[in-house]
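The structure appears below as structure tokens.
There are 2 protein chains.
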Amino acid sequence: MGVIVQKFGGTSVGSIERIKNAAEKIIKTYEKGNKVVVVVSAMGGTTDELISMASEITDKPDKREMDVLLSTGEQVTIALLTMCIHSMGYKATSLLGHQAEVKTDSQSGSARILQVGKEKVSKLLDEDNIVVVAGFQGIDDSGNITTLGRGGSDTSAVAVAAAINADICEIYTDVDGIYTTDPNICKKARKMGRVSYDEMLEMASLGAKVLQIRSVEFAKKYQVPLHVRSSFNEEEGTMVVNDDTDMEKVLVSGVTYNKNEARITLKNVPDQPGIAAKILTPISDAGILVDMIIQNTRSTGLTDFTFTVPKTEFFEAVELSQKISDSIGAGEVIGDENISKVSVIGVGMKSHSGVASKMFEALAHENINIKMISTSEIRVSCIIAEKYTELAVRALHTAFGLDTEE
Amino acid sequence: MGVIVQKFGGTSVGSIERIKNAAEKIIKTYEKGNKVVVVVSAMGGTTDELISMASEITDKPDKREMDVLLSTGEQVTIALLTMCIHSMGYKATSLLGHQAEVKTDSQSGSARILQVGKEKVSKLLDEDNIVVVAGFQGIDDSGNITTLGRGGSDTSAVAVAAAINADICEIYTDVDGIYTTDPNICKKARKMGRVSYDEMLEMASLGAKVLQIRSVEFAKKYQVPLHVRSSFNEEEGTMVVNDDTDMEKVLVSGVTYNKNEARITLKNVPDQPGIAAKILTPISDAGILVDMIIQNTRSTGLTDFTFTVPKTEFFEAVELSQKISDSIGAGEVIGDENISKVSVIGVGMKSHSGVASKMFEALAHENINIKMISTSEIRVSCIIAEKYTELAVRALHTAFGLDTEE
């Protein structure tokens, strides 16, 4: 018995049949004596259809109107799901983002939730309703409809859970939990029983696409336990929780990879104070996100300056770098699109040493050359040649003892 | 130069191409120096698709949720039309029903507009925006989304026009105006240049489906001139205005018909005070709308009591009538589904006599028997056998001098 938020993604409500299936899960939870709030995405494919309609009108649709358009997707789902719950004999009420008091900033298309009111939802729960909330959408100060960007319904769910102080937020999806690595490239990947918020944050940002990163930030901030599980079976999935709970203290919890970065090197940069800012400021002013940065001091007074950018912005970044190089008197600009980043992640490494060296050994053992290295408290990442990605992931998965026993 | 409300129905925004066409019309009006508010319906077919999705879930969808579902249709249109106007280089902002402050009662699926605020729309107009409002939808006192029922966008348009004191409300549709009768059954039907609110009210309720009746009531109440015209050409349509404007004072402006009624007669009803109420109260308690009622006094102390009901409710009404007849000691109940109502309408007849007798003569001349008669200040209606409908309409159209000259 408690207050439970259940989130169903686009695949989980992708057809009338699946909506009925979701309704049954919801009612089962309600019948156990829980108060239930449901947060849903648009039916799978709907958002793409709407985007394609807009693109028939113009290449650059107005962002405010795009939000008005896209937010209809979730609106259709909440109406259908709520009437379905009704037809099964239970009280239910749907709420749009603004009705559920989901307040956001005014950044159309990628708005951030500022606050979620609890009055309306709590009142409906107290009146014995199952409450069905449209994910992905909110309202700004001026009353404009906003959307949170792809995957935003996860964040809606966690934000609503935080607002009403829910005991748990269940994320129903088309996978059955969080895996130690991508099961598509590593057959020995294992479903994790638990993972910490911090590990999940690193995994989300590094390419495991199960949860939107912002939803994990929210869950951590407001201490909302998440349960990521399949909407197509009854099995337990993965709990995302604080790392001070009784988690097995493994050194490394997971291995991730990201093929969406590219590397740029400026050769023979004059090694002067402030030179890094001179290079990176124009890049970030152009709205290009820089990830890893390496600068080696050399005795000659010249240095090579290397950084990574998203592949989609590679050409723009190379062009810009050429101009920067000319202006600061540096040398050749070398770009490399054929790279990927592999990372090992684990809260356990905070208290252990040797993770990095173990990683380097494992890669060396497969004759994989490391081009760049970066680390955080709970992560070590290496840039390698893209073609070795899968091999590297499998080698690291084995080296850190993550493989399933067969 | 002035303030103009333009309403585009489902057919007029039924495809991306037609939305672009509507945007061009809107911009042309704006370029003439007018302030323009646009009210739109869902793209043709959308509402039916949504209804069909709901019917896959349940036979009796919850009405509140049905409104949440259906209101997405107009939301898609306002977003697409507004981004289209944008892409053509003009400022435009879309507003949902609740954003445009369209307040309604709580009657889901057939809500009535109580009030329309003007602040938001006026502010946007003052900032030089073309304002695009979702028709058909509003919000009730508790913040629930409501819809106005089929054709509701007409009413939305007129209500918004009234609120902002617009100079005119243009209704763009797939016909090019209001005709003296149905052109499908009478080749000599003429497009009217002008028609009065009162005549239009009689025509709308009698079967001319161009304008929702409630929109005409609104237009009359708030003195909003309507211009019904085609969205596919530039021709003038029909003005719907007060009858004290310089309208040609013709005796009869139009001929209408309605095949959707059926007739029920209770024979040998005891002719006592209050007997009509005893018969009709149970009928209206069952939610059946009674149109015409005839009771003839006879010398025997018995009378025949006849009334008409919508064909869809004929069987229920007959069954009910049988029970009523038993309880009041009346005789046989006779039903007739094969009837239709033909009417002649005209504000001119207020000041003329002889319209009724001219109508009866014209019908008699075609050997059409009249089964029932009813009149209002500006209308005479006759119930005839359904099979004579088209013949009767053409005969009356000719008799009252409405035929086009060929």
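Which chain is which? The protein sequence lines are A and B, in order. Per the numbering used here, the first sequence starts with residue 793, numbered consecutively. Per the numbering used here, the second sequence starts with residue 793, numbered consecutively. All C-beta atoms in this analysis are idealised placements derived from N, C-alpha and C, irrespective of residue type, glycine included.
DSSP state of residue i, grouped into three classes?
| i | result |
| --- | --- |
| B:D1128 | strand |
| A:C1207 | Past the boundaries of the shown model lies residue 1207 of chain A; chain A is included only from 793 to 1198, so the question cannot be answered. |
| A:E1053 | strand |
| A:C978 | coil |
| B:Q1114 | helix |
| A:D1096 | strand |
| A:L873 | helix |
| A:S863 | helix |
| B:P853 | coil |
Beta-carbon of residue i versus every beta-carbon of chain B: anything under 7 Å?
| i | result |
| --- | --- |
| A:M875 | yes |
| A:L940 | no |
| A:I808 | yes |
| A:V868 | yes |
| A:G911 | The sequence shown places Glu at residue 911 of chain A, rather than the Gly named in the question. No, A:E911 lies away from the interface with chain B (no Cβ there is under 7 Å from its Cβ). |
| A:D840 | no |
| A:E816 | no |
| A:V850 | What sits at residue 850 of chain A in the sequence shown is Thr, not Val. Chain B contact via Cβ: present. |
| A:T1181 | no |
| A:S945 | no |
| A:D917 | Contrary to the premise, residue 917 of chain A reads as Leu rather than Asp in this sequence. No - not a single Cβ of chain B is within 7 Å of the one on A:L917. |
CB residue i to CB residue j, shorter than 7 Å?
| i | j | result |
| --- | --- | --- |
| A:Y964 | A:I922 | no |
| B:L873 | B:I811 | yes |
| B:V795 | B:D959 | yes |
| B:S900 | B:D859 | yes |
| B:C961 | B:A949 | yes |
| A:M984 | A:T1030 | yes |
| A:I870 | A:A815 | no |
| A:K1070 | A:E1124 | no |
| A:I849 | B:M875 | yes |
| A:V829 | A:Y822 | no |
| A:A955 | A:K1001 | no |
| A:T885 | A:G930 | no |
| B:E866 | B:A846 | no |
| B:S1045 | B:V1082 | no |
Is there a Cβ from chain A that is less than 7 Å from the Cβ of residue i?
| i | result |
| --- | --- |
| B:H878 | yes |
| B:V805 | no |
| B:V1134 | no |
| B:D932 | no |
| B:Q891 | yes |
| B:D854 | yes |
| B:A926 | no |
| B:V860 | yes |
| B:E857 | yes |
| B:L1058 | no |
| B:T896 | no |
| B:A834 | no |
| B:S902 | no |
| B:T864 | yes |
For residue i, which of the options has the nearest alpha-carbon?
| i | options | result |
| --- | --- | --- |
| A:H1157 | A:R1186, A:E1178, A:M880 and A:I1170 | A:R1186 |
| B:P1102 | B:A1069, B:A1011, B:S1132 and B:E962 | B:S1132 |
| B:D990 | B:D1035, B:E1124, B:G943 and B:S1119 | B:D1035 |
| A:D1077 | A:R986, A:L1094, A:M858 and A:A1109 | A:A1109 |
| A:Q798 | A:M992, A:D933 and A:S945 | A:S945 |
| A:L906 | A:T1095, A:D932, A:A814 and A:L888 | A:D932 |
| A:V1139 | A:Q1114, A:M880, A:A815 and A:V1047 | A:V1047 |
| B:N1052 | B:S997, B:L1112 and B:E866 | B:S997 |
| A:K1150 | A:F1192, A:D854 and A:I1056 | A:F1192 |
| B:P853 | A:M880, A:R856, A:E857 and A:F928 | A:M880 |
| B:S902 | B:L887, B:D918 and B:T938 | B:T938 |
| A:G801 | A:R1090, A:T1167 and A:F928 | A:F928 |
| B:S1007 | B:A1177, B:T947 and B:D1118 | B:T947 |
For the ligand SAH, any of its heavy atoms closer than 6 Å to the Cβ of residue i?
| i | result |
| --- | --- |
| B:T1181 | Among the components of this structure there are no ligands whatsoever, and the ligand SAH is therefore not found. |
State the CB to CB distance for the pair residue i and residue j, rounded to an integer number of angstroms; the pair is presumed to be in contact (CB under 8 Å).
| i | j | result |
| --- | --- | --- |
| B:Q891 | B:K912 | 6 Å |
| A:V924 | A:V908 | Not really, about 15 Å apart at Cβ, beyond 8 Å. |
| B:D966 | B:T803 | 4 Å |
| B:G836 | B:G806 | 3 Å |
| A:G1093 | A:P1062 | 7 Å |
| B:I1162 | B:L1183 | The Cβ separation is near 14 Å, so there is no contact. |
| A:T1100 | A:I1165 | With a Cβ gap of about 12 Å, A:T1100 and A:I1165 do not count as contacting. |
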